[in-house]
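Participant: Following this message is one structure expressed as structure tokens.
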Amino acid sequence: MTPDSLEDDEPSTSVRPRRKGIYALPNSITLGALFSAFYAIVMAMNGRFEVACVAIFAAAILDSLDGRVARMTNTQSAFGEQMDSLSDMVAFGAAPALIVYMWALKDMGKPGWIPAFVYIAGAALRLARFNVNIGVVDKRYFQGLPSPAAAALVIGLIWAVVDQANYSGVKAGSWESWAAYGITLFAGLSMVTNAPFYSFKVFDRRRSVPFVVLVMIMLGIGLAALDPSRVLFGVFCVYGLSGYVIYGWRKAKGKPVSVISTSTDEPDERGLHQ
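According to UniProt numbering, numbering within the sequence shown proceeds without interruption in unit steps and concludes at 274.
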């Protein structure tokens with residue numbers, strides 16, 4: 001037997017590296033969320049604020065699906081992560097700020113810029129901190145109000161008012177304009193706080209629940225169907241305050257309030273992990 005034949009019989013030990021590809025399914029869902037945000041902005045520019053609000057909520061639903069689909073189909077990629085983050089900045093940062101500005105803040109002049117800019121800057125800072133801290137944050141909680149919930153809080157107010165009173169825009173000094181001012185400012189600042197907001201990511205799918213839980217879910221769906229704009233706005237108002245309730249309760253009990261579970265070795269990033 002020749003040396004060449006011996007080499008042919010030996011199994012190859014070199015492993016071909018996995019090609020870094022762009023996966024169609026999860027990224028198509030992300031693009032769908034991005035288009036929903038673009039459509040919302042166009043509709044707001046044409047004064048159709050109710051349609052714009054529904055489009056932002058559609059973007060939030062699609063945003064909740066792309067990551068799950070990627071994990072289920074084993075198609076996670078660094079490209080998908082970056083694409084999702086950029087889409088979130090448009091859908092839950094720029095779009096809500098522009099929509100609420102066109103609806104209620106533009107007639108205030110330059111003071112109306114303040115909450116809109118605080119909101120969009122808060123969304124950018126929140127997404128940047130999330131990307132940096134993703135490996136060290138307790139998965140049960142978000143550090144600060146998540147950007148889709150902040151967008152739902154701002155857009156939910158617009159939808160609730162437009163749906164009930166058919167406002168295509170509000171005048172400066174009205175209660176609607178000041179409500180939009182305060183809620184937009186609250187949502188923007190809440191995204192950059194350290195208050196822990198429950199993530200709903202960690203739960204035992206195999207654990208049984210009491211029958212009354214299913215009854216409560218059924219009633220919740222029924223209420224949402226009766227008046228979706230007000231119910232959704234109320235739900236996100238409760239969620240927007242829940243992080244501060246958890247923060248205050250932990251403080252009162254002497255428990256740690258930080259959701260950072262481990263430390264990092266990067267001294268330059270210590271300010272991000274407080």
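In this text, a Cβ means the ideal position worked out from N, Cα and C, and glycines have one as well.
Please read all numbers here as calculations on a predicted model, not as lab measurements.
Relative to the C-alpha of M191, which candidate in A160, E81, I56 and L153 has its C-alpha closest?
Facilitator: Position 191 of the sequence shown, counted from the start, is the residue given in the question as residue 191. Nearest of A160, E81, I56 and L153 to M191, Cα basis: L153.
Participant: Suppose only complete runs of 4+ residues qualify. What are the alpha helix (DSSP H) ranges in the stretch 24-78, listed by chain order?
Facilitator: Segments of the alpha helix (DSSP H) lying fully in the stretch 24-78: 24-45 and 49-72.
Participant: Report the residue from Y141, I56 and T73 whose alpha carbon sits nearest the alpha carbon of Y244.
Facilitator: For this step, residue 244 is matched to residue 244 along the sequence shown. Residue Y141 is the option with its Cα nearest to Y244.
Participant: CA-CA distance, S147 and G80?
Facilitator: Residue 147 sits at position 147 when you count from the first residue of the sequence shown. Residue 80 sits at position 80 when you count from the first residue of the sequence shown. If I take the Cα positions, the gap works out to 18 Å.
Participant: Report the residue from A151, V137 and A91 whose alpha carbon sits nearest the alpha carbon of L232.
Facilitator: The count along the sequence shown starts at 1 and reaches residue 232 at position 232. Ranking A151, V137 and A91 by Cα distance to L232 puts A151 first.
Participant: Return the bridge partner residues of I260 from the DSSP annotation.
Facilitator: Position 260 of the sequence shown, counting from 1, holds the residue named residue 260. DSSP, once it has assigned bridges, lists V137 as partnering I260.
Participant: Jot down the residue ranges of each uninterrupted alpha helix (DSSP H) in the stretch 104-135, minimum 4 residues, whole runs only, in chain order.
Facilitator: Counting whole runs of 4 or more residues, the stretch 104-135 contains the alpha helix (DSSP H) stretches 113-133.
Participant: Using the three-state DSSP reduction, which class does F236 fall into: helix, strand or coil?
Facilitator: Taking the sequence shown and counting its residues from 1, the one referred to as residue 236 is at position 236. If DSSP states are grouped into helix, strand and coil, F236 belongs with the helices.
Participant: Along the chain, where does the beta strand (DSSP E) containing P196 start, and where does it finish?
Facilitator: Here residue 196 refers to the residue found at position 196 of the sequence shown. It spans P196 to Y198 - the beta strand (DSSP E) in which P196 sits, taken as one unbroken run.
Participant: Using alpha carbons as the reference points, say which of I260, K106 and A58 lies closest to G156.
Facilitator: Within the sequence shown, the letter at position 156 stands for residue 156. Measuring from the Cα of G156, the nearest candidate turns out to be A58.
Participant: Please determine if the stretch 99-109 and the stretch 60-70 are in contact, where contact requires at least 3 C-beta pairs separated by less than 8 Å.
Facilitator: Touching, no.
Participant: Checking 8 Å against the spacing of the C-beta atoms, do A78 and I56 come in under that value?
Facilitator: Numbered from 1 along the sequence shown, position 78 holds the residue referred to as residue 78. Numbered from 1 along the sequence shown, position 56 holds the residue referred to as residue 56. No, these two residues do not count as a Cβ contact at 8 Å.
Participant: Can you give the beta carbon distance from S242 to A160, rounded, assuming they're within the 8 Å contact cut?
Facilitator: Mapped onto the sequence shown, residue 242 falls at position 242. Mapped onto the sequence shown, residue 160 falls at position 160. Actually they do not touch by this definition, with Cβ atoms about 19 Å apart.
Participant: Does the beta-carbon of G254 have 16 or more other beta-carbons within 10 angstroms, so that it is buried, or is it exposed?
Facilitator: Position 254 of the sequence shown, counted from the first residue, corresponds to residue 254. By the neighbour-count rule (16 or more Cβ atoms within 10 Å), G254 is not buried but exposed.
Participant: Just to confirm the assignment, what range does the alpha helix (DSSP H) spanning Y181 have?
Facilitator: Residue mapping note: residue 181 aligns to position 181 of the sequence shown, counting from 1. Unbroken alpha helix (DSSP H) run through Y181: W175 to S190.
Participant: Report the CB separation of I260 from V162 in whole angstroms; it is logged as a contact under 8 Å.
Facilitator: By 1-based counting over the sequence shown, the position of residue 260 is 260. By 1-based counting over the sequence shown, the position of residue 162 is 162. Contact flag wrong, Cβ pair sits at about 40 Å.
Participant: If I measure Cβ to Cβ from G144 and keep anything under 8 Å in the same chain, skipping five residues before and after, which residues do I get?
Facilitator: The sequence position of residue 144 within the sequence shown is 144, counting from 1. Around G144: R126, R129, S190, M191, V192, T193, N194, A195, F197 and G243.
Participant: When the Cα atoms are used, what is the spatial distance from M72 to P26?
Facilitator: The sequence position of residue 72 within the sequence shown is 72, counting from 1. The sequence position of residue 26 within the sequence shown is 26, counting from 1. Cα to Cα, M72 sits roughly 10 Å from P26.
Participant: To the nearest angstrom, how far is the alpha carbon of R48 from that of V238?
Facilitator: As a first step, residue 48 must be located in the sequence shown, where it is residue number 48. As a first step, residue 238 must be located in the sequence shown, where it is residue number 238. Approximately 27 Å between the Cα atoms of the pair.
Participant: Give me the DSSP bridge partner(s) of Q143.
Facilitator: Reading the sequence shown from its first residue, position 143 is the one you call residue 143. According to DSSP, Q143 bridges with P196.
Participant: What residue range does the alpha helix (DSSP H) around M218 cover?
Facilitator: For the purposes of this step, residue 218 is identified with residue 218 of the sequence shown, where counting begins at 1. Run containing M218: F211 to L226, per the alpha helix (DSSP H) assignment.
Participant: For V213, which residues of its own chain have a beta-carbon under 6 Å away from its beta-carbon, when the five flanking residues on both sides are left out?
Facilitator: As a first step, residue 213 is located in the sequence shown; it is residue number 213 there, counting from the start. Hits under 6 Å: none found.
Participant: What did DSSP end up calling K253 once you bin it into helix, strand or coil?
Facilitator: Sequence index remark: in the sequence shown, residue 253 carries index 253 (1-based). In this structure, K253 counts as helix in the three-state DSSP scheme.
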